[in-house]
Amino acid sequence: MSVATFFERTRGARKILIVDLGFLGDSVHLIPACWDLKRQYPDAELHTLSATVGAEVLKLAPCVDRAWAYPLGNPSPPWWRHLDILGAIRRERFDVAISFSGGDRPVLVTALSAARHRLAHDNGRRHFYNRWIVPDWVPRRDRRDPVFEQRRQVLAAAGMALGPVRFDLDLPWEVRDWARDQMAGGAIHVSPNASHVLKEWPMESWRRLIPVLTRATGRPVVVTGDGSEREQRRLKRLEGAVGGATLRVIQERLSLARLAALLEQSALHVGADSGVTHLAFALGRPTVTVYREYDGRLEWTPPGPRHRQCIVECACIGGQPKGCLSAEVAACLGGIQPEAMLEHCVRALEGG
13 MSVATFFERT
23 RGARKILIVD
33 LGFLGDSVHL
43 IPACWDLKRQ
53 YPDAELHTLS
63 ATVGAEVLKL
73 APCVDRAWAY
83 PLGNPSPPWW
93 RHLDILGAIR
103 RERFDVAISF
113 SGGDRPVLVT
123 ALSAARHRLA
133 HDNGRRHFYN
143 RWIVPDWVPR
153 RDRRDPVFEQ
163 RRQVLAAAGM
173 ALGPVRFDLD
183 LPWEVRDWAR
193 DQMAGGAIHV
203 SPNASHVLKE
213 WPMESWRRLI
223 PVLTRATGRP
233 VVVTGDGSER
243 EQRRLKRLEG
253 AVGGATLRVI
263 QERLSLARLA
273 ALLEQSALHV
283 GADSGVTHLA
293 FALGRPTVTV
303 YREYDGRLEW
313 TPPGPRHRQC
323 IVECACIGGQ
333 PKGCLSAEVA
343 ACLGGIQPEA
353 MLEHCVRALE
363 GG
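Just so we're aligned, residue 13 is where the sequence shown starts under this note's numbering, counting upward by one.
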């Protein structure tokens, strides 16, 4: 049976589950596909299953009826650690379950959901049992497309009509009020941290950039992190080195709603290769990002002229970056000069 008939076979579905298990960036890229599913199945409940931080952002998407959290970490626990969640999922009696990532754990959880119809995206991790546990598979989508578009194209391959790309997050009024108390509208938001130290621009480079950035643009800068001990140390160093009335450093870990509210009223987001960049993109903010070049970077790069990148080749990609790891600094990213970042920031603020 062709995967192109999937929608025709499931158009009467009343409960749909998306198994993603992704963190912030992955979950942001899931939202446009959620809107398309809601449009195609207007009478169905749409549920998502993602990492805890992913569930936080998906709760802000009005098209998602319930965002389930599946606690993950680094390293992630064995799949059987969350049998209670899998049991609760099975009791929901989903008609359709979809895995866009095609990773081993999401595919296994999709199968264990006991949904009558199961669909997955083939990301190249083929196993002999794949088609036994998930009957419908969409071939690998074009990795030159952004991840959110690849996920929409999975739905198109399954026979669904796509609408315009939309994120349309709905923030509670109280978090918007809170954000206005924290920063003036039109400030520049900086997120210097990432999930891995080798994705981070050195703190000395941020120390050099921020003073000239505020002088060149006349805008204050607000800096946030995830509240972890490591990131708090980095932010304290930055605050001590720069200081001044035009710099506001928020040390605590913000809820995703509060972070989104800060980004929403910012004029520009500047940061590392992290989920915060994708959240800023979803909220319509221009971005400037530092990247190491790697296979697949393009699909994780915000598209369009309002989004600018400083990209460097990295000798550590695919190797053993012991020196950089022990020093907790990416030597290649250190080669990006603050003057280059400043030019990108000014041009992003000017519209591209």
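In this text, a Cβ means the ideal position worked out from N, Cα and C, and glycines have one as well. Keep in mind it's a predicted model, so treat the numbers as computed, not measured.
Residue i lies in the alpha helix (DSSP H); which residues open and close that run?
i, result
"LYS50", "36-52"
"ILE101", "95-103"
"ILE222", "215-229"
"TRP190", "185-194"
Out of the options, which one is the CA nearest neighbour of residue i?
i, options, result
"MET13", "LEU268, ALA170, ARG152 and ARG117", "ALA170"
"VAL233", "HIS281, ARG249 and ALA269", "HIS281"
"TYR127", "ASP134, ARG188, HIS59 and LEU183", "The amino acid occupying residue 127 in the given sequence is Ala; Tyr does not appear at that position. Among ASP134, ARG188, HIS59 and LEU183, the Cα nearest to that of ALA127 belongs to HIS59."
"THR236", "ARG260, VAL254 and PRO223", "ARG260"
"CYS344", "THR299, LEU361 and CYS322", "CYS322"
"SER39", "ARG143, ALA123, TYR82 and ALA173", "TYR82"
"LEU274", "HIS319, ILE200 and TYR303", "ILE200"
"LEU61", "ILE28, ARG51, PRO74 and GLY335", "ILE28"
"LEU98", "ARG117, GLN277 and SER113", "ARG117"
I'd like the span of the beta strand (DSSP E) that includes residue i, first residue to last.
i, result
"VAL234", "233-236"
"VAL31", "27-31"
"ALA126", "Taken as a continuous stretch (DSSP letters only), ALA126 belongs to no beta strand (DSSP E), as it is neither H nor E."
"ALA81", "78-81"
Which of the three DSSP states, helix, strand or coil, is assigned to residue i?
i, result
"ALA109", "strand"
"ILE348", "coil"
"THR17", "helix"
"GLN263", "coil"
"CYS357", "helix"
"ARG130", "strand"
Can you grab the Cα-Cα spacing for the pair residue i / residue j, in whole Å?
i, j, result
"ASP32", "GLU355", "37 Å"
"TRP80", "ARG21", "26 Å"
"ASP193", "GLU186", "11 Å"
"VAL302", "ARG26", "43 Å"
"GLN263", "ARG246", "10 Å"
With a threshold of 7 Å (Cβ to nearest heavy atom), would residue i be considered close to the ligand GDP?
i, result
"THR258", "Only the bare structure without any ligand can be found here, which leaves the ligand GDP out of the picture."
Looking at the C-beta of residue i, does it have a partner C-beta in chain B at a distance below 8 Å?
i, result
"GLU362", "This model lacks chain B altogether, as it is built from one protein chain only."
Legend entry - Stretch pair the segment 44-55 + the segment 65-80: three plus CB contacts closer than 8 Å: yes
Legend entry - Validate contact between the segment 292-307 and the segment 174-183 using beta carbons, cut 8 Å, 3 pairs: yes
Legend entry - the segment 162-172 contacting the segment 233-248, beta-carbon criterion three pairs below 8 Å: no
Inset, instruction - Examine the Cβ distances between the segment 202-211 and the segment 273-289 and report whether three or more of them are shorter than 8 Å. - result: yes
Legend entry - Three-pair Cβ contact test at 8 Å for the segment 346-363 versus the segment 207-222: Three or more pairs of CB atoms, one per stretch, sit closer than 8 Å, so the segment 346-363 contacts the segment 207-222.
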